[in-house]
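To start, the structure under review is shown below, and the notes come after it.
There are 2 protein chains.
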Amino acid sequence: MTATVNKSTRNGVDTDTLFATLNAVKAAPEAARFQFRARNDWISGTHSRGTIQDFFGVGEERSHERTFHFDADHPAVLVGRDNGPTPVEFVLHALASCLTAGLANIAAARGIRLTDVHSTVAGDIDLNGILGLDPAVRNGYQNITVRFTVRGDAPADKLRELVEQSRARSAVFDILTNQVPVTIEITTD
Amino acid sequence: MTATVNKSTRNGVDTDTLFATLNAVKAAPEAARFQFRARNDWISGTHSRGTIQDFFGVGEERSHERTFHFDADHPAVLVGRDNGPTPVEFVLHALASCLTAGLANIAAARGIRLTDVHSTVAGDIDLNGILGLDPAVRNGYQNITVRFTVRGDAPADKLRELVEQSRARSAVFDILTNQVPVTIEITTD
C-alpha cells in the first residue's frame, strides 16, 4: 500500500505515495479492510491505562513503530484523581485530529500549501444523564462544535472547501454523527 | 461537587464523596452542565498534536491539574509517519476507558470489590470509504467489539451486571451508538 516513487512532498504529505496508495487500493479493494484495536487495563477508581500497538491492514497483522500508552481518569470534581483526560475528551481529540489529517492530505492533493491549521473542539454534556438523575438527559454530548482556522496559499473559499471535503471523508466525524454498532462481550472467570 | 466526609474507599473510589456528589447534583442540577474541550495544532502531513487542559463544570471554568498533549498520525502504510495512534484508535481508547471508569464506580456503589478489569476493543473499518473509492462504504467503523474480563468478589452474574449498567450509563457508548450533532466553523484569515 506504500510505494516509493519520485517524491513530491507538499504539506509534509508525499503526494506520489498518496496517489500510488489510492491506485493500489483501486486495484485491490480488499487491501483497505483494516481493524484497529486498543487495550485497557483498570488501575484504580476511574483511572485506567490504554495501550495501542497492533492493527490489521493490507492483508496482514501490523504494528505501530512503538507502543502508545494513554491514561484516562476523571478530575477531582468528578470524584477522580485527574491522572489523565476524561474519556469524552479523547473523543474530541480524535475528531480534531481526524479532520486535520484529512485536510492536509486533501490540500496536498489539490496543490494547496498550508501555513497554519489549528482547531478547538468543545462538547457540551449534562452529567445528569450519566449520574442517572434525569432520564430525559442523554449520557453523551448534546452537541459538539469544531472551530477551524486554516491559512495557506489559496483563496478563502478554497481553504474552506478543504475543511468541507475533509468532513465529508472523515472517519471520526462519521462515527460521531452516525451510529456504529457496538457489541460488548464479558468474561468473568 | 466534591465533599470530604468520612472516607469509605472501595476499588479506589471514595464512595462517600461519590454519593455526596450525587446528592449535590440532585439539589442543584445545573452543576452537572459541563463543557469539555480539546485543541489541535497541525504539525505536518497527517501528524497533529492535541492539547487538553481547561473545561467548564459546576458553574465555573476549571483546569486539569496538568496539561495533556497527544500526538496523532497515520502509520506508514497509510502514508503517515506513525508519530502517534490514528484518530480512530483514540476513539477505541475513549470507549474502553469510559466503560471501565463507570464499572469501577458502579462496583464501589454496590459494595463489590474488583480484583481485575481489562478489555480489548476492536473496530473494523473499510478504508474504501475515506479514500472515496466506493460510495457504498461508510467512512467510519462498520462495527466495534469490546471484550471485557472482570474479576472480583461477587458471583459471575453480578460482575456481568456491572458491565451492563456501565454500558447503560456510558457517555462514550452513547456518543458512538447514537448521533451527536457536530457543527464546524471555519476561519481563514
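These protein sequences, in sequence, are chains R and V. Just so you know, we're using numbering that gives the first Met the number 0 here: the first sequence kicks off at 0 and counts up by one. Just so you know, we're using numbering that gives the first Met the number 0 here: the second sequence kicks off at 0 and counts up by one. The C-beta atom is built at its ideal place from N, Cα and C for all residues, glycine as well. If you're wondering where the values come from, they're calculated on a predicted model, not measured in any experiment.
Subject >> Cβ of Thr148 (chain V) within 8 angstroms of any chain C Cβ >> reply: In summary, chain C is missing from the structure at hand, where the protein chains are R and V.
Subject >> Minimum C-alpha distance to Val78 (chain R) - residue among V:Ala93, V:Asp40, V:Leu21 >> reply: V:Leu21
Original post:
Can you tell which of R:Thr8, R:Gly58, R:Thr85 has its C-alpha closest to the C-alpha of Gly44 (chain R)?
Top reply: R:Thr85
Subject >> Cα-Cα separation between Arg137 (chain V) and Ile124 (chain V), rounded to whole angstroms >> reply: 8 angstroms
Original post:
Would you say Glu60 (chain R) reaches chain V, if we count a Cβ-Cβ gap shorter than 8 angstroms as a contact?
Top reply: no
Original post:
Grouping DSSP H, G and I as helix and E and B as strand, with all else coil, what is Gln178 (chain R)?
Top reply: coil
**OP:** Could you spell out the range, first to last residue, of the beta strand (DSSP E) harbouring Glu60 (chain V)?
**Re:** 59 to 71
Original post:
Counting pairs of Cβ atoms below 8 angstroms between the region 102 to 112 of chain V and the region 8 to 15 of chain V, do you hit three or more?
Top reply: yes
Original post:
For the alpha helix (DSSP H) that contains Arg159 (chain V), what are its first and last residues?
Top reply: 155 to 167
**OP:** List the DSSP bridge partners of Glu88 (chain V).
**Re:** DSSP, once it has assigned bridges, lists no residue as partnering Glu88 (chain V).
Subject >> Cut-off 7 angstroms between Cβ atoms - residues of its own chain near Arg168 (chain V), not counting five sequence neighbours on either side >> reply: Gly101
Original post:
What residues from chain V crowd round Asp133 (chain R), counting only those whose CB sits closer than 8 angstroms?
Top reply: Pro28
**OP:** Taking only the alpha-carbon atoms, compute the straight-line gap between Leu189 (chain R) and Ala27 (chain R) and give it to the nearest angstrom.
**Re:** Only positions 0 to 188 of chain R appear in the structure, and residue 189 (chain R) is not among them; the question remains open.
Original post:
Terminal residues of the continuous alpha helix (DSSP H) containing Asp15 (chain V)?
Top reply: 14 to 26
Original post:
Residues of chain R with CB under 8 angstroms from Ile143 (chain V), in chain order?
Top reply: Val179, Pro180, Val181, Thr182
**OP:** Return the residues of the region 22 to 50 of chain R that lie within a Cβ-Cβ distance of less than 8 angstroms from chain V, sorted by chain order.
**Re:** Val24, Lys25, Pro28, Ala31, Arg32, Phe33, Gln34, Phe35, Arg36, Ala37, Arg38, Asn39, Asp40, Trp41, Ile42, Ser43, Gly44, Thr45, His46, Ser47, Gly49
Original post:
Taking just the CA atoms, how far does Thr99 (chain R) sit from Arg61 (chain R)?
Top reply: 24 angstroms
Subject >> Spatial neighbours of Arg166 (chain R) in its chain, beta-carbon cut-off 6 angstroms, leaving aside the 5 residues before and after >> reply: Phe172
**OP:** Measure how close the beta-carbons of Gln178 (chain R) and Thr176 (chain V) come, nearest whole angstrom, since I'm counting them as under 8 angstroms.
**Re:** 6 angstroms
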